[in-house]
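Numbering (our numbering), first residue to last: 14 to 288. We put the beta carbon where it would ideally sit given N, CA and C, even for glycine.
Here you go:
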């Protein structure tokens with residue numbers, strides 16, 4: 014149905030919220046307001062329900078190539094569409110890793126052939142996510158919007174510095190998984206690498222996005238970096254806001270103070286979305 018009048022809805026977007034009607038003509042939003050009239054268009058009563066713009070998922074795992082039994086681009090795309098997402102950013106920890114243009118080309122081609130949403134690959138920072146040697150970042154850059162070794166942190170500071178410099182030169186974002194191996198406290202493990210990567214972003218002028226922040230301290234580090242002019246953003250997952258340590262994920266779930274403190278209420282300007 015390409016034309017439709019939806020009445021009595023709560024409209025929410027980046028500019029705020031209002032209550033009214035929405036008119037779609039030929040698949041395009043034609044008008045927003047109260048008491049809209051369109052005699053030639055079918056009417057769908059909204060009954061006070063909320064209508065939002067489509068969502069973007071910055072951090073998804075479609076497991077394709079390598080593990081189609083868990084998920085693939087077709088099923089992941091349909092799941093995203095069912096949830097109201099029209100664009101999905103997929104991580105590079107596949108088999109083989111998205112550390113070379115050919116693998117990324119496979120993802121993009123399959124997404125175009127089978128996907129029902131926009132699929133944006135993220136390229137690997139290092140070869141095979143091993144943290145030792147940079148991937149072909151220049152070759153990947155035309156096909157990806159960001160670089161990440163998601164699933165593990167880049168432990169070597171010299172490799173991380175080289176990656177930030179390369180990403181800055183290429184105009185791409187470093188999507189940082191912050192986890193310092195050998196540190197048993199998960200909050201300290203995360204904050205140590207987050208602090209380092211935010212400083213590398215400041216030093217190199219690179220944009221950085223901190224993945225799945227699980228500590229209020231990490232959110233505060235991002236806020237502090239932004240006040241110093243760093244192009245930094247972060248994300249917090251629903252399960253880190255709602256669940257506790259009885260469940261097992263990585264990074265680990267925190268306690269009630271973490272859920273109700275800095276994670277649940279990021280300070281103004283502390284989060285955001287990478288441009």
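In the three-state DSSP reduction, residue 158 falls in the coil class, being neither helix nor strand. Between the beta-carbon of residue 241 and that of residue 209 there is about 15 Å, and that puts the pair past the 8 Å contact cut. When the Cα atoms are used, residue 164 and residue 144 turn out to be separated by approximately 11 Å. Secondary structure note for residue 264: it is in no alpha helix (DSSP H), with a DSSP letter that is neither H nor E.
Contact annotation: residue 221 and residue 211 have beta-carbon atoms nearer than 8 Å. Here DSSP, grouped into helix, strand and coil, assigns residue 204 to helix.
Between the C-alpha atoms of residue 166 and residue 188 there is a straight-line separation of about 10 Å.
Distance between residue 124 and residue 77, taken at the CA atoms: about 10 Å. Exclusion of the five residues before and after residue 59 leaves 19, 20, 21 and 22 as the residues of its chain whose Cβ lies within less than 6 Å of its Cβ. For residue 225, the closest alpha carbon among the candidates 252, 238, 219 and 244 is that of 252. Cβ-Cβ distances below 6 Å link residue 158 to 133 in the same chain, with the five nearest sequence neighbours on each side left out; the list follows chain order.
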